[in-house]
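Presented below is the structure to which this report refers.
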Amino acid sequence: MSSSQPAPSSSDDPARPAPEESYREFRRPVLALALCTGTAGFLDAFAFLRYGTFVANQSGNLIFLGIGPVGWHPDWPASGASLLAFAAAAGVVSWIRSLPGRWSPALRGLGATALTLSLWAFLNVLLHHGQHSPVSRAVLAAAGGLATGAFTTLFVRTAGVTTTITYQSGTVVKTGGHIVRWVAPGTDRDRARRASLLGLLTLVCYSIGGSIGAVAQQQQPYWVPAWGLLALVPVALLVRRVRAGT
-3 MSSSQPAPSS
7 SDDPARPAPE
17 ESYREFRRPV
27 LALALCTGTA
37 GFLDAFAFLR
47 YGTFVANQSG
57 NLIFLGIGPV
67 GWHPDWPASG
77 ASLLAFAAAA
87 GVVSWIRSLP
97 GRWSPALRGL
107 GATALTLSLW
117 AFLNVLLHHG
127 QHSPVSRAVL
137 AAAGGLATGA
147 FTTLFVRTAG
157 VTTTITYQSG
167 TVVKTGGHIV
177 RWVAPGTDRD
187 RARRASLLGL
197 LTLVCYSIGG
207 SIGAVAQQQQ
217 PYWVPAWGLL
227 ALVPVALLVR
237 RVRAGT
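When you line the sequence shown up against my numbering, it's residues -3 to 242, in that order.
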């Protein structure tokens, strides 16, 4: 985006002003958002179908933590491992991104995501994609949670709208509100339309990624996390080549 691009809004309400985070970090922020969201859905579907737990959709894991101890989900320890790892990685990588340094926050976030995805890919092969024991599935769920926790820090806003790439409950709520503002009279309908379309794009990409992940885990379950690592390559190519603080 050029420097003449109008500043996006600062909150979930498209009528309020906000920092240009994704505009500064990515040359094509909407394309990068679509790629990242699709990849997150791809990895989440794989983890659910192979480990019995999510690595991105932590709302689902909270449900599993509730129903598991009362006998309805035997892999609930893996859900707890994923949730804790996700929270830890998101917190640490967000802190790393905020530090002053030579490289931009986007590159640091991508580096952390690549490192944690590499660890997950290695463990997924070593532990035979969790097929032999609940302990191996819990270890792999934790590794996946680390990777997606790092991944979720890459996007906070796109075009001034709160966007998330690894969990979509909030996206559904916000998109519904934006659609109402879009069709209702007396509101900033252009901004609401933009927010609505971004929300719908995010939801569709996550769902399509999940479909691809479901197919991939049937064919090549050993290599799905590694394919997620390869998906970071086009995202890295979209990062603006600037140093932090410039």
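Beta carbons are placed, not taken as given, at the ideal position from N, Cα and C, and that holds for glycine.
Spatial distance of residue i from residue j (CA atoms)
i: residue 103; j: residue 177; result: 35 Å
i: residue 46; j: residue 125; result: 7 Å
i: residue 170; j: residue 86; result: 22 Å
i: residue 82; j: residue 133; result: 15 Å
i: residue 182; j: residue 236; result: 37 Å
i: residue 179; j: residue 112; result: 42 Å
i: residue 129; j: residue 62; result: 21 Å
i: residue 203; j: residue 221; result: 17 Å
i: residue 99; j: residue 152; result: 19 Å
i: residue 89; j: residue 97; result: 14 Å
i: residue 150; j: residue 65; result: 34 Å
i: residue 211; j: residue 43; result: 12 Å
i: residue 214; j: residue 186; result: 43 Å
i: residue 120; j: residue 184; result: 48 Å
i: residue 118; j: residue 189; result: 42 Å
i: residue 34; j: residue 67; result: 33 Å
i: residue 109; j: residue 191; result: 27 Å
i: residue 122; j: residue 216; result: 14 Å
i: residue 95; j: residue 159; result: 22 Å
i: residue 199; j: residue 131; result: 32 Å
i: residue 84; j: residue 91; result: 11 Å
i: residue 193; j: residue 127; result: 40 Å
i: residue 26; j: residue 197; result: 9 Å
Sequence-distant residues of the same chain with beta carbon closer than 6 Å to residue i, five excluded per side
i: residue 55; result: 165
i: residue 38; result: 205, 208, 209
i: residue 143; result: 112, 113, 116
i: residue 28; result: 22, 231, 234
i: residue 141; result: 51, 78, 81, 82
i: residue 41; result: 206, 209, 210
i: residue 107; result: none
Cβ-based neighbour list, residue i, same chain, cut-off 8 Å, excluding 5 preceding and 5 following
i: residue 230; result: 31
i: residue 69; result: 48, 60, 63, 75
i: residue 24; result: 234
Same chain only: Cβ atoms within 7 Å of residue i, ignoring 5 sequence neighbours per side
i: residue 48; result: 71, 74, 133
i: residue 93; result: 101, 104, 105, 149
i: residue 195; result: 167, 170, 171, 174
i: residue 36; result: 52, 144, 147, 161, 162, 202, 205
i: residue 218; result: 120, 121, 125
Delimiting residues of the alpha helix (DSSP H) encompassing residue i
i: residue 100; result: It is not in any alpha helix (DSSP H) - residue 100 carries neither H nor E in the DSSP assignment.
i: residue 231; result: 220 to 233
i: residue 186; result: 185 to 215
i: residue 180; result: First-last for residue 180: undefined, no H or E at that position.
i: residue 123; result: Where residue 123 is concerned, there is no enclosing alpha helix (DSSP H), given that its DSSP letter is neither H nor E.
i: residue 68; result: Taken as a continuous stretch (DSSP letters only), residue 68 belongs to no alpha helix (DSSP H), as it is neither H nor E.
i: residue 144; result: 130 to 147
i: residue 88; result: 72 to 94
i: residue 59; result: 54 to 63
Any chain C beta carbon closer than 9 Å to residue i
i: residue 168; result: The structure shown contains no chain C; it is built from a single protein chain.
According to DSSP, residues forming a beta bridge with residue i
i: residue 22; result: 235
* Asked: If you pair each beta-carbon of the stretch 74 to 86 with each one of the stretch 131 to 149, do three or more pairs fall below 8 Å?
  -> yes
* Spell out a yes or no on whether the stretch 214 to 234 and the stretch 58 to 71 are touching, meaning 3 or more CB-CB pairs, one atom from each, closer than 8 Å. => no
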